[in-house]
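Take 1 as the starting number for the sequence shown in the UniProt record's numbering and just add one per residue. By construction, the Cβ of each residue, glycine as well, lies at the ideal position given by its N, Cα and C atoms.
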Amino acid sequence: MSVSGPQGGERLDAFMGRANAAYYAQRDPFADFVTAPEISQIFGEVLGAWCAVVMRGLPVSSGSPLHLVEAGPGRGTLMADMLRVLVRLAPDCLASLSVHLIETSPRLRKAQEEALAQSGVSVYWHDTLSDVPSGPMVLVANEFLDALPIRQFVRTETGWQERFVLNGQWSLQDCSDVPPEVMERGATVGDVVEISPASAGFVRDVAERLCREPGVALFIDYGTATSCVGESLQALRQGRPVSALVEPGTADVTAHVDFASMARAAQAAGAVCYGPVGQGDLLRALGAVQRAEALCRSAPEQAGAIRSGLDRLIGPDRMGRLFKALAIASPDVTIVPGFSEKTAGEQQ
Ligand code: SAH
């Protein structure tokens, strides 16, 4: 695969992969953006309850080893909150449970180790999913896919061109092998179409694994329910938008996740998908409102902060609608709480 253009420069996905690897290795991402588990413990707690139900529903004999996997665990907050709940709700599963974190940043691995030191569970780190030992798994990934590289194509008068980065500027270059899914979006002249082969590849790897061994994966991210036209690449530094082409590694570069394309990748591999549903709908269905009220009762002096954190997570004008959840399950798994419908598609 060529990543340098006919006129030189670096293809956007190569640039973004390099920029984010440097960014996560060197900087504290949470100085630049805030994620759901960092907003409120309720996020991790209800997802911990989700995991407990999913684990019980897996077609495996009790006591058989089980992997709880997280891709892109950040500071380790989500996993720490989930484990606190799992200890209470599924103590029987805990003895056979091991935690596997897919994380490439040594700096964040260290933060995760500190966050999980008290959990009492064995934790292992891996660079990729293929390094996670085989066995039944429950996987969660929050704001992981949005950090994976994208390609951008521009429909011009004369045909398709692709965006490269040359000396810190965009360079639009002719493209002879435009992927069919780019051409199928119905773009007109001037439109930009984004695809993320890296995200689709990760989801396909998860789905293939779920077709070999029982499990469920839950992806939560900001993005669209359908594959559409338009550009969403953004870079944040200290909470403010900056150019995505700034010095690589100095800003967090992300793009909207195309959930329809993720579901197609999973279904093509033979897995069953549920959703996407809005983050607000999922968290509500999993009891986030009731959990917030219970927390308010036990810490009335913090009720304001607890309710405003919850509103940020589930409010339709906050993260509740833009953020979405997609579950991917082994074909023989039937219990996937929080989702009422399987995703339509060729496989169903
Ligand atoms: N899930 C966390 C953090 C999101 S930030 C939260 O919700 O707070 C994205 C995370 O993905 C970071 O931990 C980052 O180091 C990791 N990451 C980014 N690209 C990755 C890659 N290609 N492989 C593995 N981890 C990656």
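Assuming C51 is part of the alpha helix (DSSP H), what are its boundary residues? If you number the sequence shown from 1, residue 51 lands on position 51. DSSP places C51 in the uninterrupted alpha helix (DSSP H) bounded by 41 to 57.
Taking the alpha carbon of S227 as the point to measure from, which residue in A294, A251, V257 has its own alpha carbon closest? Taking the first residue of the sequence shown as position 1, residue 227 is located at position 227. Its Cα nearest to that of S227, the residue V257 stands out among A294, A251, V257.
Continuous alpha helix (DSSP H) stretch holding L148: start and end: The residue given as residue 148 occupies position 148 in the sequence shown. Unbroken run through L148: none, as it is neither H nor E.
Any heavy atom of the ligand SAH inside 7 Å of the beta-carbon of S119? Position 119 of the sequence shown, counted from the start, is the residue given in the question as residue 119. Flag unset: Cβ of S119 not near the ligand SAH.
Please work out which residues of its chain come closer than 7 Å, Cβ to Cβ, to F259, disregarding the five sequence neighbours upstream and downstream, and give them in chain order. Along the sequence shown, read from residue 1 onward, the residue named residue 259 stands at position 259. Only G223, T224, A225, P276, K324, L326 meet the Cβ criterion.
Kindly examine the ligand SAH and report whether one of its heavy atoms sits closer than 7 Å to the Cβ of E45. Counting from 1 along the sequence shown, the entry for residue 45 is found at position 45. No, Cβ of E45 sits at least 7 Å from all heavy atoms of the ligand SAH.
Per DSSP, what kind of secondary structure is P180 in: helix, strand or coil? One-based indexing of the sequence shown puts residue 180 at position 180. Of the three classes helix, strand and coil, the one that applies to P180 here is helix, per DSSP.
Taking the alpha carbon of A36 as the reference point, which residue from V154, G280, S232 has its own alpha carbon closest? Counted from its first residue, the sequence shown places residue 36 at position 36. Closest option to A36, judged by alpha-carbon separation, among V154, G280, S232: G280.
According to DSSP, is Q267 helix, strand or coil? Translated into positions along the sequence shown, residue 267 becomes position 267. Note: Q267 maps to helix in three-state DSSP.
Sorted by chain position, which residues of the same chain lie with C-beta nearer than 7 Å to residue 366's C-beta, five sequence neighbours on each side aside? The structure shown has nothing for residue 366, since the chain only spans 1 to 348.
Could you pull out every residue in the same chain whose Cβ sits closer than 6 Å to the Cβ of E208, ignoring the five residues on either side in sequence? Reading the sequence shown from its first residue, position 208 is the one you call residue 208. Taken in chain order, the residues that qualify are A269.
In three-state DSSP terms, what is M319? Reading the sequence shown from its first residue, position 319 is the one you call residue 319. The answer is coil: DSSP assigns M319 none of H, G, I, E or B.
Looking at the unbroken beta strand (DSSP E) that takes in residue 358, where does it start and where does it end? Residue numbering for the chain in the displayed model covers 1 to 348; residue 358 lies beyond these limits and cannot be assessed.
Taking the CB atoms as reference points, tell me whether L313 and M319 lie closer together than 8 Å. Within the sequence shown, numbered from 1, the residue matching residue 313 stands at position 313. Within the sequence shown, numbered from 1, the residue matching residue 319 stands at position 319. Inclusion of L313 and M319 in the CB contact set at 8 Å is warranted, their separation being smaller than that value.
If distances are taken between C-alpha atoms only, which option among G5, I306, D317, F219 comes closest to A141? Translated into positions along the sequence shown, residue 141 becomes position 141. A141 has its Cα closest to that of F219, out of G5, I306, D317, F219.
Does the ligand SAH have even one heavy atom less than 7 Å from the beta-carbon of G72? The count along the sequence shown starts at 1 and reaches residue 72 at position 72. G72: yes, Cβ under 7 Å from the ligand SAH.
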